[in-house]
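Participant: In case it helps, my numbering puts the sequence shown at residues 1329 to 1517. Quick one: this structure, given as structure tokens, is what I'll be asking you about.
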Amino acid sequence: MGGTGKTFEKDGQTYEVRFFDSSSFFDLRDLREIVQSPGVQSWMTSVRNMSHKHYGKWMNEKGEENNFLLAIAGADTERPEIQRVHGFIYVYPSEMVRGALEVSYAKRPGAPSGLITPALQETCRIVHEKMGLVVTIVAEIERGNVASIVAIEKAGFVKTRDFDRYGNGVWTLDWSKLAIVQEGKRVLS
């Protein structure tokens, strides 16, 4: 583990939510694998046809202008001695809700299941710490993306807008639910 992020336990393994290392070949390789997977290509149209330069720039988003790209890192399922990026959480200014941040996320094909929910919770903590305030965080999810809906609700988000004519609904983080979900750990002090 890099030691710069937040960790969580899942099925006896420790995972870290951390910023990407833009100088790491391995971080770049895993991010490309995630972005180029069929699921991500179908749900996240903004990442289609990304150039090598764009990946490098994106990997450097560490809170400047309220853009945060975080890696979900941990041991490889086949070779535990190797660390892999299993997914990403991207937080950025929302075009949909003025003054809010929006979150998108995806996992690498073959990555362990169940990592997105705790990673979303730790990401919200990181954003809170970096910004120094409680900010509205939203997610817009298509009706058919059931796995994302389940993950976001388990992370403490509640549906605040029903599905529109394009089939997209909106979920907003309920900071009090996040504190409850975290088994008594208070997010806000």
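We put the CB at the ideal spot given by N, CA and C, even for glycine.
Within the chosen definition, does the stretch 1440 to 1452 reach the stretch 1477 to 1485 through at least 3 CB pairs nearer than 8 Å?
Facilitator: yes
Participant: Return helix, strand or coil for Arg1357, following the three-state DSSP convention.
Facilitator: Working through the sequence shown from its first residue, we reach residue 1357 at position 29. If DSSP states are grouped into helix, strand and coil, Arg1357 belongs with the helices.
Participant: Mapping DSSP to helix, strand and coil, what is Glu1470?
Facilitator: Here residue 1470 is taken as the residue at index 142 of the sequence shown, counted from 1. Glu1470 falls in the strand class under three-state DSSP.
Participant: Which whole-angstrom value is the C-beta distance of Ser1350 and Gly1384, which I expect to be below 8 Å?
Facilitator: Walking along the sequence shown from the start, residue 1350 turns up at place 22. Walking along the sequence shown from the start, residue 1384 turns up at place 56. Confirmed, Cβ separation roughly 5 Å.
Participant: Looking at the secondary structure, which residues open and close the beta strand (DSSP E) in which Glu1430 lies?
Facilitator: What you label residue 1430 is simply residue 102 of the sequence shown in a count that begins at 1. Run containing Glu1430: 1429 to 1435, per the beta strand (DSSP E) assignment.
Participant: Does the beta-carbon distance from Val1478 to Thr1488 come in below 7 Å?
Facilitator: Start at 1 with the first residue of the sequence shown, and residue 1478 comes out as number 150. Start at 1 with the first residue of the sequence shown, and residue 1488 comes out as number 160. The answer is no: Cβ separation not under 7 Å.
Participant: What are the partner residues of Arg1412, as DSSP defines its beta bridges?
Facilitator: Position 84 of the sequence shown holds residue 1412. For Arg1412, which the question treats as bridged, DSSP gives the partners Gly1402.
Participant: Grouping DSSP H, G and I as helix and E and B as strand, with all else coil, what is Thr1464?
Facilitator: Along the sequence shown, one-based indexing puts residue 1464 at 136. Reduced to three states, the DSSP call for Thr1464 is coil.
Participant: If you follow the beta strand (DSSP E) that Leu1501 is part of, which residue opens it and which one closes it?
Facilitator: Walking along the sequence shown from the start, residue 1501 turns up at place 173. Leu1501 -> beta strand (DSSP E) spans 1496 to 1501.
Participant: Checking the sheet assignment: what are the DSSP bridge partners for Leu1397?
Facilitator: The residue given as residue 1397 occupies position 69 in the sequence shown. Looking at the DSSP assignment, Leu1397 forms a beta bridge with Tyr1418.
Participant: For Gly1512, I'd like the list of residues in its chain whose CB is within less than 6 Å of its CB, leaving aside the five on either flank, ordered along the chain.
Facilitator: Along the sequence shown, one-based indexing puts residue 1512 at 184. Low confidence applies to Gly1512: its pLDDT is 45, below 50, so where it sits in the model is not reliable, and the reading given next is rough at best. Taken in chain order, the list of residues that qualify is empty.
Participant: So who's on the other strand from Glu1337, going by DSSP bridges?
Facilitator: As a first step, residue 1337 must be located in the sequence shown, where it is residue number 9. Looking at the DSSP assignment, Glu1337 forms a beta bridge with Thr1342.
Participant: Any idea what DSSP makes of Val1425, helix, strand or coil?
Facilitator: Counting from one through the sequence shown, the residue named residue 1425 turns up at place 97. In this structure, Val1425 counts as coil in the three-state DSSP scheme.
Participant: For the stretch 1352 to 1368 against the stretch 1455 to 1470, are there 3 or more C-beta pairs whose distance is under 8 Å?
Facilitator: no
Participant: Would you report the Cα separation of Asn1388 and Leu1506, rounded to the nearest angstrom?
Facilitator: As a working mapping, residue 1388 is identified with position 60 in the sequence shown. As a working mapping, residue 1506 is identified with position 178 in the sequence shown. Approximately 27 Å between the Cα atoms of the pair.
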